[in-house]
Amino acid sequence: MQSTSFGKLGSCVPRVFVVWLLLAGAPSLMAQMPGTGVLTGRVTDASGAVVANATVTAKSLDNGEMRSVTTGTDGSYKVEGLTPGNYRLKFEAAGFKTMEVASATVNGTEASVLDEKLEAGEQISGKPSAAAQENLPNAPSATTTAPSLADLGLSPEQTQGNAREQALLDKRTRMLKIHQRMGLITTIPLVATVILGPGAGGKSEGTAARDLHVALGGLTGDLYGITAYYAIRAPRVPGTKKRGPIKFHEAMAWIHGPGMILTPILGIMAFDQKNKGEKVHGIASAHGPVAIVTAGAFGAALLSVSVKF
Amino acid sequence: MTSLLSIKTVAGCCLLLALPSLVRAADSQWILQKSTLTYHVSHPLHQSEGVSHTARGKGVCHAGQCDFLIAVPVKSFDSGDSNRDLHMIQVTRGAEFPIVTVRTRLPESGAASTTINADLEIQFAGQTAQYKQVAFKLETQGGETHITGTIPATLSDFKIEPPSLLTMPVKNEVPIRVDMTWRPQ
Chain E
-9 MQSTSFGKLG
1 SCVPRVFVVW
11 LLLAGAPSLM
21 AQMPGTGVLT
31 GRVTDASGAV
41 VANATVTAKS
51 LDNGEMRSVT
61 TGTDGSYKVE
71 GLTPGNYRLK
81 FEAAGFKTME
91 VASATVNGTE
101 ASVLDEKLEA
111 GEQISGKPSA
121 AAQENLPNAP
131 SATTTAPSLA
141 DLGLSPEQTQ
151 GNAREQALLD
161 KRTRMLKIHQ
171 RMGLITTIPL
181 VATVILGPGA
191 GGKSEGTAAR
201 DLHVALGGLT
211 GDLYGITAYY
221 AIRAPRVPGT
231 KKRGPIKFHE
241 AMAWIHGPGM
251 ILTPILGIMA
261 FDQKNKGEKV
271 HGIASAHGPV
281 AIVTAGAFGA
291 ALLSVSVKF
Chain H
350 MTSLLSIKTV
360 AGCCLLLALP
370 SLVRAADSQW
380 ILQKSTLTYH
390 VSHPLHQSEG
400 VSHTARGKGV
410 CHAGQCDFLI
420 AVPVKSFDSG
430 DSNRDLHMIQ
440 VTRGAEFPIV
450 TVRTRLPESG
460 AASTTINADL
470 EIQFAGQTAQ
480 YKQVAFKLET
490 QGGETHITGT
500 IPATLSDFKI
510 EPPSLLTMPV
520 KNEVPIRVDM
530 TWRPQ
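Put into structure tokens, the structure is as follows:
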């Protein structure tokens, strides 16, 4: 009777096993989304032993998008959700030389398989080898139970890098660094010009102080122009809402910007009047006050992004 | 007798079918309910902090050990100054590596303690850094576990060049305060 029972149980096992396999395998079968490709493979060392925790980075040669995964304990990796095209692959693991595959093609119909063999070499990153990691008392491990980014509900769009946006940010920072330095340099002749202003336009009849004032004013204007250029031409980052001191910094620019144009115009008028032996009069007499307001706004703009009030 | 046999057969099949789910049922999981992560930057002229509340996290426990993963978008840190935040994203290569991940493995029994020391593996700015035995305080209340602590991160750990303001660079130390509430699932 028992043998009959086991016989029946045995007959159901293959079917159950098939059903179980189908259920267990269903997610991986569904993993390749329509229109996207999968890159899979295994990373081993020179002896053929698997390399766990190796970082595999696929970078699109078409649009620069990047995706990184790490190999599991069996050395296998799987990069999913790739836009069909050509990818540069980088394999990195502690204790091994970084290997690069110049181009691998990913299509949207079937998984592309690429196995890689790593050569022993210098450790190039702070990531420990699998052996070293095991020695840590409670270090993370690439077990099958460890949650992944997908388990956290993060979509590939949220996790993939954007090389173009990074390049935009790099350019913006480079330009704003020059803007910042030029702004500091501009402060020196600006302050000197303001200090020399009363001597140049007051009761003094001499021309030396006036000429120096004009020369420093001209230098200030040139340096200010360069400073402003790097701020205006620095790329804007789409979707960024301005908050904090930068709003005040930019508001001040609406004062010192026109002021830096108006001040020399009024200065030229005042200069002409003084050269004719006249007392500075009319609109030209606003040269001094406009210059002081301009310099004040410039200083406030500089301080607003430098010191926390 | 025949019906008894068929019952045993069906029961056997059901047992086999249920096996994977039974194995899975032995595991427990933790979900990050809410979090506040704060980085602190020191500059000779001023101090600043960036805060993120958008971290996601999950812990999967198996055989007495729990593997935790916490992920937070670099862009989610808000210092109250959009210009500074953009510089932070640039200098940390946040567009290229948009997610900071923290992985750790802790004993399941650790949830009953009031303090726990964790070995953290942090991936940030395209680099991976290990922090050993980082102390966290635990407080369990109403089924939720509240964890607080500070990760002693530095810019050089992630090969980040210290940004400068008025030609003065910020300090290398950027401690990250962690305040998280986890709930078992």
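Residue numbers (my numbering), protein chains in the order written: chain E, -9 to 299; chain H, 350 to 534.
Beta carbons are placed, not taken as given, at the ideal position from N, Cα and C, and that holds for glycine.
{"Query": "Residue from E:Asp52, E:Phe288, E:Leu72 with nearest C-alpha to Leu29 (chain E)", "Result": "E:Leu72"}
{"Query": "Ala444 (chain H) at chain E interface by Cβ criterion, 8 Å", "Result": "yes"}
{"Query": "Cβ-Cβ distance between Ala224 (chain E) and Arg162 (chain E) below 8 Å", "Result": "yes"}
{"Query": "Distance between beta carbons of Val409 (chain H) and Cys415 (chain H), contact taken as under 8 Å", "Result": "7 Å"}
{"Query": "Chain H contact for Glu70 (chain E) (CB, 8 Å cutoff)", "Result": "no"}
{"Query": "Helix, strand or coil at Thr47 (chain E) [DSSP, three-state]", "Result": "strand"}
{"Query": "Arg532 (chain H) vs Ile380 (chain H) beta-carbon contact at 8 Å", "Result": "yes"}
{"Query": "Bounding residues of the alpha helix (DSSP H) (the contiguous stretch that carries Asp212 (chain E))", "Result": "198 to 223"}
{"Query": "Contact under 8 Å by Cβ, Thr63 (chain E) with Val41 (chain E)", "Result": "no"}
{"Query": "Close-in-space but distant-in-sequence residues of the same chain around Ser505 (chain H) (CB under 8 Å, 5 per side omitted)", "Result": "Asn521"}
{"Query": "Three-state class that DSSP yields for Val400 (chain H) in the structure shown", "Result": "strand"}
{"Query": "Pairwise C-alpha distance: Gly492 (chain H) and Ser425 (chain H)", "Result": "28 Å"}
{"Query": "Proximal chain B residues relative to Thr149 (chain E), where beta-carbon distance stays under 7 Å", "Result": "Note that chain B does not occur in the displayed structure, where the protein chains are E and H."}
{"Query": "C-beta contact flag for Ala285 (chain E) and Val184 (chain E) at 8 Å", "Result": "yes"}
{"Query": "Exposure of Met56 (chain E), with buried meaning 16 or more beta-carbon neighbours within 10 Å", "Result": "buried"}
{"Query": "Neighbourhood of Gln378 (chain H) by C-beta distance below 8 Å, restricted to the same chain and skipping five residues each side", "Result": "Lys407, Gly408, Val409, Cys410, Pro533, Gln534"}
{"Query": "Distance CB(Asp528 (chain H))-CB(Thr385 (chain H)) smaller than 8 Å", "Result": "yes"}
{"Query": "Residues of the region 214 to 245 of chain E with Cβ closer than 7 Å to any Cβ of chain H, in chain order", "Result": "Val227, Thr230, Lys231, Lys232, Arg233, Gly234, Pro235, Ile236"}
{"Query": "Any 3 or more C-beta pairs closer than 8 Å across the region 81 to 90 of chain E and the region 143 to 162 of chain E", "Result": "no"}
{"Query": "Simplified DSSP assignment, three categories, for Arg154 (chain E)", "Result": "helix"}
{"Query": "Run of the beta strand (DSSP E) containing Asp416 (chain H), from where it starts to where it stops", "Result": "414 to 422"}
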